[in-house]
Each structure stands twice: as structure tokens, then as C-alpha cells.
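In the numbering used here, the protein residues as written are 123 to 430.
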């Protein structure tokens, strides 16, 4: 154990120093030990009703704020409310805020939504359509120079998971390992959690880990914005399709607000500001979701959850 920790410590230190976005010149750093404080706009005065929003940290905290705050501000303004944008480090922490009725609207990772839907006290509002599809996949990635061509070739490697509750960043690779009768402890030399998909991509690109399973939407987004960086990685396996990360609303949000929220999201691609925001997110539009889209996540998680 001491030998393993000694080998792992430099890797963890390096990951803690990863930039909080894909621009390697950015000096911002991520502290994986802390949650992110709340951000309110335009003021902290509680004279107006507030729309408390969060986005599960599918990308690192700074990127999450940069990418999604315009969307949440757009929703708040069209609902005649002030925005309170809340960030937390882990998916579980965002779920806890929903369960404690401390959030009104959230965009959740599909895994935590599917596995805790009955406990969250939320209504499924919309799902994003990206590249013409409301589905997404896990990508198993390695360094561009890594000779591995399949999961089997990664035996004895250093592997990065994202979040303990992530679908594409943990549940899917656990499922892949179970299919070949393996567990992370027996198959990999070492494993770590990066707590965001962009950090996992960065870790592979920089050779800090050998491989990772990441959200394909995040990898595609990063490839479009930083092709040189993402070009240092390559995809060796893709998963089946799952319902894309949904937008949910707390059942404590008045029914009329939930209905208006759905209408705003379903039609925002039709106005110039909404279209511009969606273009920045690489989202075609939002669509009414089918709850069955998320059943596959529950199915693949059952063997992994039993073993845990």
C-alpha cells in the first residue's frame, strides 16, 4: 500500500495542478477538496424571487460557469427571476441540493439522474439535442501514441475515472470490465478520480494517466475548441447510446413556472439570443424527453452496484 501511494502521489499532485479549462496557458487551478461557492446575479439582495440553478460538474468548475451561466441567466430573465448559480464539486452534492429543496433547476449528468430519480423530487423537463440526436456515448480514450486498441490492452495501466456517480466516467467502464470478468482493482495498476471529463481528457493528453472513459459530448466539444490538445488523445471504444444529460426542475417550483421553463427551453432556438447561447453550447435545440432513454443506465449499473 505504501509503495502504491508513493507512486500515486505525484500523479495526484499533477492532476490538482491541471488548468480549470482546456487552455493550457490559463493559470486558474482546481482544488478537488472544495465545493464552489454560490454566485448570484445581479445582486445578493433577496428582494426579487431567485431561480436557484446548478449544473453537475461534467466539466471543471471554471468551465462549467463559463459555458452554462448564460443559459441559466437567460432562463431566469424569461421567468422574471434573479439568477443564483450554484456550483458543487461532485454530482452527489448537486443531487443533495435537489433533495434538500435548495435548487429550482439543474442540468444533471444522466447517471446520477437515472439512479436517483425517485429520491430527487424533480420533474424531467427537457433533454438537449446535439448533432441531431438526444443521445450521447462514453468514449474510452488513450494517448495518441498509446498502442492500445481495446480495453483488454489496458491491463496494468493507470486509469482515470471522473466522478464516482458518473455514467460515462465510471458506470460504463465498470460495466465494460464486468463483461470480461474483471474489476478495477484487479485490472488496472492504479485508478484516480479527476471530478470532471475535461480534466480526464487533459490527464490523458498530458500523459498523466494512460486512459480514461469520458463523456463523448465533452470530448467532442473540446475537440472543436482545442483540436491540438485533444489531438493528443484518440478513441478506442464507444459505448451504447444513453439519454443526454437532462434539465430537471424541483417539484417545489410552482407548476406554472415549470411549464413556462419547459416552453422557454423548447423554443429558445427560435430567437436570436437563445440561438447564440445554444450555438456556444453546441446544442441544436432542446426536446421533450422520453424517460425510457435513461433506462439503459439503470440496467448497466445493476451488476456494478451489487459488487460495490
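Glycine included, every Cβ here is placed at the ideal spot set by N, Cα and C. All values derive from a computational prediction rather than experimental measurement.
Three-state secondary structure assigned by DSSP to residue 411:
Here residue 411 refers to the residue found at position 289 of the chain shown. If DSSP states are grouped into helix, strand and coil, residue 411 belongs with coil.
List in chain order: all unbroken alpha helix (DSSP H) runs of 4+ residues lying wholly within the segment 331-356.
Listed in chain order, the alpha helix (DSSP H) elements of length 4 or more contained wholly in the segment 331-356 are 338-347, 349-352.
May I ask you to report which of helix, strand or coil DSSP gives residue 284?
Along the chain shown, read from residue 1 onward, the residue named residue 284 stands at position 162. Of the three classes helix, strand and coil, the one that applies to residue 284 here is coil, per DSSP.
What is the C-beta distance between residue 408 and residue 191, in whole angstroms, given that I count them as a contact (C-beta under 8 angstroms)?
For this step, residue 408 is matched to residue 286 along the chain shown. For this step, residue 191 is matched to residue 69 along the chain shown. At roughly 17 angstroms, the Cβ-Cβ gap does not stay under 8 angstroms, so residue 408 and residue 191 are not in contact.
Cβ separation of residue 230 and residue 370, assumed to be a contact under 8 angstroms, to the nearest whole Å
As a working mapping, residue 230 is identified with position 108 in the chain shown. As a working mapping, residue 370 is identified with position 248 in the chain shown. With a Cβ gap of about 6 angstroms, residue 230 and residue 370 count as contacting.
Is residue 380 buried or exposed, if buried means 16 or more other CB atoms sit within 10 Å of its CB?
Counting from 1 along the chain shown, the entry for residue 380 is found at position 258. With 16 or more Cβ atoms within 10 Å of its Cβ, residue 380 is classed as buried.
Measuring CA to CA, which of 242, 300, 232 is closest to residue 339?
Residue numbering aside, residue 339 sits at position 217 when the chain shown is read from its first letter. Comparing Cα-Cα distances from residue 339 to each of 242, 300, 232, the minimum goes to 232.
Per-residue DSSP class, three states only, for residue 123:
Translated into the one-based positions of the chain shown, residue 123 becomes position 1. Caution applies to residue 123, whose pLDDT of 41 falls short of 50 and renders its modelled position unreliable; the value that the coordinates give is listed next. Under the three-state reduction of DSSP output, residue 123 falls in the coil class, being neither helix nor strand.
Counting Cβ pairs, one atom from each stretch, are 3 or more of them under 8 angstroms apart for the segment 394-401 and the segment 271-284?
no
Within a Cβ cutoff of 8 angstroms, which residues of the same chain sit near residue 243, ignoring the five residues on either side of it in sequence?
Translated into positions along the chain shown, residue 243 becomes position 121. Cβ within range, chain order: 220, 221, 223, 372, 373, 374.
Alpha carbon to alpha carbon, how far is residue 302 from residue 287? Give it in angstroms, no decimals.
Position 165 of the chain shown, counted from the first residue, corresponds to residue 287. Position 180 of the chain shown, counted from the first residue, corresponds to residue 302. Those two C-alpha atoms are separated by around 22 angstroms.
Helix, strand or coil, according to DSSP, for residue 197 in the structure here?
What you label residue 197 is simply residue 75 of the chain shown in a count that begins at 1. Residue 197: helix per DSSP, three-state reduction.
Less than 7 angstroms between the CB of residue 378 and some heavy atom of the ligand NAD, yes or no?
Annotation note on the ligand NAD: not contained in the displayed structure, which lists no ligands.
Going by beta-carbon coordinates alone, are residue 419 and residue 262 separated by less than 8 angstroms?
As a working mapping, residue 419 is identified with position 297 in the chain shown. As a working mapping, residue 262 is identified with position 140 in the chain shown. Residue 262 sits away from residue 419, with the two beta carbons spaced by 8 angstroms or more.
Give the DSSP-derived three-state secondary structure of residue 254 in the structure shown.
On the chain shown, residue 254 is found 132 positions in, with the first residue counted as 1. Coil, per DSSP.
Have a look at residue 417 and residue 203 and give me their C-alpha separation to the nearest angstrom.
The residue given as residue 417 occupies position 295 in the chain shown. The residue given as residue 203 occupies position 81 in the chain shown. Using only the alpha carbons, I get a separation of about 34 angstroms.
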